[in-house]
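Here the working numbering is used: the first residue of the first sequence is 4, the next is one more, and so on.
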Amino acid sequence: MTLKIHNTLTNKKENFIPLEEGKVSIYVCGVTVYDDIHLGHARSIIVFDMVVRYLRHCGYKVTHVTNFTDVDDKIIARANEEGIDPLELSARYIQRYFEDIDALKVRRADAYPKASESMDVIIDMVQDIIEKGFAYVTDEGNVYFSIDKVGDYGRLTKQRLEDMISGQRDVLQDPDKRNPMDFAIWKAVKPGEIAWDSPWGKGRPGWHIECSAMIRNHLGDIIDIHGGGNDLIFPHHENEILQTEAVTGGMLARYWMHNGMLQIQDQKMSKSLGNFLRVSELVKEYDSETIRFYLLNTHYRGPLLFTKSSLEEAKSSLRRLWNLRSELESYRAEGSDDASDIIDESKGRFYEQMDDDFNTRGAISVLFDLARELTRLIASSSLSKRGASEALGFLHEVDNILGFFPENGLNDDTSALIDLLIDVRQELRRRKMFDLSDTIRNRLKEMGIQLEDTAEGVKWKRI
RNA sequence: GCCGGGGUAACAUAGAGGCUAUGUGGCGGACUGCAGAUCCGCAGACGGGAGUUCGAAUCUCCCUCCCGGCCCCA
């Protein structure tokens, strides 16, 4: 079974073959840090967290780099509003970013380079591009990448240059640009802006160059996977390709992966549209597992329309899987069925789905099929101990990839107290004092402990 | 205008020529003091039209609607 990845470059699913056997380098475009991250960012972050987790599960040694754009027009504007230093503002949101992704159980990347701390490599790269004849310096100290120097513009975007020009917005163009499609790789300083010294005078990097430079600096000339939201395909990723290729003469990334947009009320959720849902708010209301489940319960490339009720639905669905785990953990009967055929088949199907361009939705369906089969065996006490622990092991594997299960249980003191309450309640029930027994159950439920009366005795779990 | 992704049962989503799709919700049943959980069963589908084929939700063409991108973006 080989992993297939949909490559935006070719628009096809391709067998994944890393440059160096057993190793994968992956760069995922991060955020511009001038505000809190929203659920749309979380989708991208969690999708690529899953991708990295899965690649590691497959045995690859993965190096994952994600950047922060901490020098940018909007950061400067926001900082000026607040009357603080732009880097102070970005530092604040970087810290919040980490708080948010930690709350979502996202595993940290191996490096988080910032534009502001990568000026040397950025300036070197700009210089290199100029020297190789792909960029020019204007009198005002702007450096533009010259579109006319490349023969095949639009490889990733798959559009002809003329078509893009005709669809262009009316933006104020610098008259010094030789071609309106030329883009800035270095911007000359304007009054009140943060700036760095460069051979072309004071200024700051263009948006696209930081990624090209940081990729090269951290991962080398060519990387295996480059990821990000599909709103970055043009112009950001297109231009990254041009810059890097101008310098290295080779390709930038072998596989380009782009996640679909999260939509809310039929529009893209976006900071600039102001229709966003902060992750920091969301995690107060929903556990991270539910949010992850919601986001991964659809294919990463498709659009996802957000509604509150679909998040509620994700919550109910996920509880089913949690229930399976706690049933397996507390399983005490000694049946004879190892369920090895069911478990093996589920594993096979699960990984088949994951290998098919990370089809988490399909993989999740397999989990529910398994849950039904297994709970049936549990209910009839025919599952063997061995089968139960086998199944639990698989759920553990799944959790390692998808992050769907919470940390286990309560400490022993607490569980001893719960057991005591259960004993008392059983006695009350025996005496048919149901109002009191129900009170205990209700109060425990309020505390997040669900009691269940079953044929095999009383079970409890966290909800 | 150009490029890309979509339209699947009440809802959210997989699937991609013939095989009972998954979840949530609904209805009926089993279990229960009640609740919960779970199991069993039922209903319900592939935007519209033509074509290819023994057979199309799946392939081809046309139409239609939605969303995204076209230098603010995950």
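Yeah, the Cβ is synthetic: ideal placement off N, Cα and C, and Gly gets one too.
Owing to the predicted nature of the structure, the values given are computational and were not obtained by experimental measurement.
Can you tell me whether DSSP reads residue i as helix, strand or coil?
i      : result
VAL250 : helix
ARG465 : strand
GLU17  : strand
MET53  : helix
TRP189 : strand
ARG172 : Annotation note: pLDDT 47 at ARG172 (below 50); position unreliable, coordinate value reported separately. In the structure shown, ARG172 sits in coil (DSSP, three-state: anything other than H, G, I, E or B).
ILE46  : Before going on, a small fix: residue 46 reads as Arg here, not Ile. Correct three-state label for ARG46: helix.
ASN83  : helix
VAL472 : Examination of residue 472 is not possible in this model, given that the chain is present from 4 through 466 alone.
VAL74  : coil
THR378 : helix
ASN262 : strand
TRP199 : strand
TYR147 : strand
PRO208 : strand
ASN10  : strand
ASP179 : coil
TYR115 : coil
ASP360 : coil
THR5   : coil
ARG281 : strand
GLY460 : strand
THR417 : helix
VAL153 : coil
VAL68  : strand
ILE40  : coil
ARG257 : strand
LEU22  : coil
Between which two residues does the alpha helix (DSSP H) carrying residue i extend?
i      : result
CYS61  : Looking at the DSSP string, CYS61 is not in any alpha helix (DSSP H), and its letter there is neither H nor E.
GLY396 : 388 to 405
ASP441 : 437 to 449
What's the call for residue i, buried or exposed, on a 16-neighbour Cβ count within 10 Å?
i      : result
ALA138 : buried
GLU292 : buried
SER418 : exposed
SER119 : buried
HIS399 : exposed
VAL427 : exposed
ASN262 : buried
ILE345 : buried
ASP179 : exposed
THR442 : exposed
ALA458 : exposed
GLU330 : buried
GLN98  : exposed
MET357 : buried
PRO116 : buried
ILE452 : buried
SER339 : exposed
Since residue i and residue j should fall inside the 8 Å C-beta cutoff, what is the C-beta to C-beta distance between them, to a whole number of angstroms?
i      : j      : result
ASP151 : ASN182 : 6 Å
CYS32  : LEU235 : 6 Å
PHE309 : ILE267 : 5 Å
VAL146 : ALA187 : 7 Å
HIS9   : ARG304 : 6 Å
ASP341 : GLU393 : 7 Å
THR69  : GLU213 : Actually they do not touch by this definition, with Cβ atoms about 12 Å apart.
TYR289 : LEU314 : 6 Å
PHE407 : LEU321 : 6 Å
SER215 : GLU243 : 5 Å
VAL250 : ILE132 : 6 Å
LEU307 : ILE49  : Going by Cβ atoms, the distance from LEU307 to ILE49 rounds to 11 Å, so no, they are not a contact pair.
ILE228 : ILE29  : 4 Å
HIS60  : PHE279 : About 32 Å; that fails the 8 Å criterion.
VAL74  : ILE197 : 7 Å
Taking the beta strand (DSSP E) that residue i falls in, what are its first and last residues?
i      : result
VAL31  : 26 to 35
VAL124 : No beta strand (DSSP E) contains VAL124, which is instead part of the alpha helix (DSSP H) from 122 to 134.
GLN98  : That residue, GLN98, is in no beta strand (DSSP E); its alpha helix (DSSP H) goes 89 to 106.
ASP456 : 452 to 457
TYR139 : 138 to 140
Is residue i close to the ligand ADP? I mean its beta-carbon at under 6 Å from any heavy atom of the ligand.
i      : result
ASP347 : Only the bare structure without any ligand can be found here, which leaves the ligand ADP out of the picture.
Runs of alpha helix (DSSP H) lying entirely within the segment 285 to 349, each at least 4 residues, in chain order: With a minimum length of 4 residues, the continuous alpha helix (DSSP H) runs that stay inside the segment 285 to 349 are 291 to 299, 311 to 332.
Minimum length 3: unbroken beta strand (DSSP E) runs contained in the segment 218 to 250: Segments of the beta strand (DSSP E) lying fully in the segment 218 to 250: 226 to 232.
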